[in-house]
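Asks: Starting off with a structure, shown below.
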Amino acid sequence: MKRITAHLALGALMRSHMRPERAVPLLHEGMAAALIFAIGFSPITALALSLMGISTLPFASLFLVVPALGIAMGLSCYRITYGRLMLHGFTLGILAVACYDGVRIPFIMAGWMGDFIPGIGGMLVGDGNDRAVLGYLWRYLGNGGGMGMAFVCAFSLLKPLLAEHHQARITARVTRLIALGFGCLVWACLIVTLKISPQGEDKMFVITPTSLLLSWIGHLVFGYTLGCLVHRFRPEGTSKVFPRSE
């Protein structure tokens, strides 16, 4: 009898060890997409607050961008897929803004519009002088990389939440159209910010029909590049996020 009892107890113990542990609940993909979207827009939000005179760029960066970086690192530790996806979007954003500048710089060289990026570097330091290196670092690592991360992560995390027949409709062409819409949204936010800011046009560029058209073209290039690249290079470990049917 004792042997039978011991055998049953040993079997129960072995089954308890073999039973898979319940997985820790993950952050909902929709919430993660919204959070990463906000993280990606923190640099451009800090710049907008500075242009509107609500805060200086160094102060806004300290209380918006720095905490956003901390949250991004926390998300990466919480789920490594989020970290890989954010890095993927950040990289594509830099590539997209490089294509944007490939169109914008010839406009500047032709004298059709001025280069306001060095002025952002001066705003970051707070001395009002043009600082091209700091300005372009902010443009690429902040605005470009951040907005690329926002779009790629939101698109990639929200798409799998749709019904399968809706997902099937989001072809490569539709993806590019969505990205173009994103570029237009960013451009519209820029123009509105400049119009409502007391010194927005003085610090950035004066809104004229020419500057409206040229800046719109640049943002179309930015969005279109993101749309072309979003599924071109898939980070390791994100096969579920990046379907290969496109």
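Numbering (the numbering used here), first residue to last: -8 to 237. C-beta atoms are modelled at their ideal positions from N, C-alpha and C, and glycine is treated no differently. If you're wondering where the values come from, they're calculated on a predicted model, not measured in any experiment.
Taking only runs that begin and end inside the stretch 55 to 120, name each unbroken alpha helix (DSSP H) of 4 or more residues, in chain order.
Replies: List check, alpha helix (DSSP H) in window: 57 to 69, 71 to 100, 108 to 116.
Asks: At what residue ranges does the stretch 126 to 151 contain a whole run of the beta strand (DSSP E), taking only runs of 3 or more?
Replies: Counting whole runs of 3 or more residues, the stretch 126 to 151 contains no beta strand (DSSP E) stretch at all.
Asks: Contact between the stretch 189 to 208 and the stretch 64 to 78: three or more CB pairs below 8 angstroms?
Replies: The answer is no - the stretch 64 to 78 does not touch the stretch 189 to 208, with fewer than three Cβ pairs under 8 angstroms.
Asks: The alpha helix (DSSP H) with F213 in it runs from where to where?
Replies: Residues 200 to 220.
Asks: When DSSP labels each residue in this structure, what does S7 get in the three-state scheme?
Replies: With a pLDDT of only 42 at S7, under the threshold of 50, the placement of this residue in the model should not be trusted; the figure read from the coordinates follows. In the structure shown, S7 sits in a helix (DSSP, three-state: H, G or I).
Asks: Look up G44 in the DSSP assignment and say whether it is helix, strand or coil.
Replies: Correct three-state label for G44: coil.
Asks: Nearest-angstrom Cα distance between G117 and I111?
Replies: Distance between the alpha carbons of G117 and I111: 9 angstroms.
Asks: If you reduce the DSSP assignment to three classes, tell me which class M22 lands in.
Replies: Reduced to three states, the DSSP call for M22 is helix.
Asks: Is the distance from the Cβ of G31 to the Cβ of A179 below 8 angstroms?
Replies: No, the pair does not count as a contact, with Cβ atoms beyond the cut-off.
Asks: Below 8 angstroms on the Cβ atoms is my contact criterion, and I expect S175 with G214 to pass it. Report the Cβ-Cβ distance as a whole number of Å.
Replies: Note on residue identity: the sequence assigns Cys, not Ser, to residue 175. Confirmed, Cβ separation roughly 7 angstroms.
Asks: What is the C-beta distance between H79 and V143, in whole angstroms, given that I count them as a contact (C-beta under 8 angstroms)?
Replies: The pair is a contact, with the Cβ atoms about 6 angstroms apart (cut-off 8 angstroms).
Asks: Which of the three DSSP states is assigned to A51 in this structure?
Replies: Helix.
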